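Residue 72 in full-length UniProt numbering sits at position 72 of the sequence shown, with consecutive numbering throughout.
A virtual CB, placed ideally from N, CA and C, is assigned to each residue, including glycine.
Please read all numbers here as calculations on a predicted model, not as lab measurements.
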Amino acid sequence: MDPTSFPEPEKVKLDRDMGQLNNLRRAPGPQGRLHKLSGPGGISKYLNADQSGFTPFPTSMKVQWDGELPDLKQKS
Numbered sequence: 001m002d003p004t005s006f007p008e009p010e011k012v013k014l015d016r017d018m019g020q021l022n023n024l025r026r027a028p029g030p031q032g033r034l035h036k037l038s039g040p041g042g043i044s045k046y047l048n049a050d051q052s053g054f055t056p057f058p059t060s061m062k063v064q065w066d067g068e069l070p071d072l073k074q075k076s
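See below:
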């Protein structure tokens, strides 16, 4: 992960630019589903992108959108 293209890639930040994507939606079929198991205390654990382990954050669901990617905002 390139921090110059994606600032603070290891942090969960709910203000990322994905909300600007036109008609953002799940990919069709299994790629658009989250692959998860119930962990201790009912807390979900999710398969990582290559399905070799688990992570506390969902990473396996793919999405689609219409149009081009918007220009990245430069944060100062």
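Judged by beta-carbon spacing, Met-61 lies beyond the 8 Å limit of Gly-29, meaning their Cβ atoms are not closer than that value. For Arg-25, the enclosing beta strand (DSSP E) begins and ends at 22 to 26. In terms of Cβ geometry, Pro-58 and Leu-34 form a close pair [threshold 8 Å].
Taking 8 Å as the cut-off, the Cβ atoms of Asn-22 and Asp-66 count as close. In the three-state DSSP reduction, Asp-17 falls in the helix class (H, G or I).
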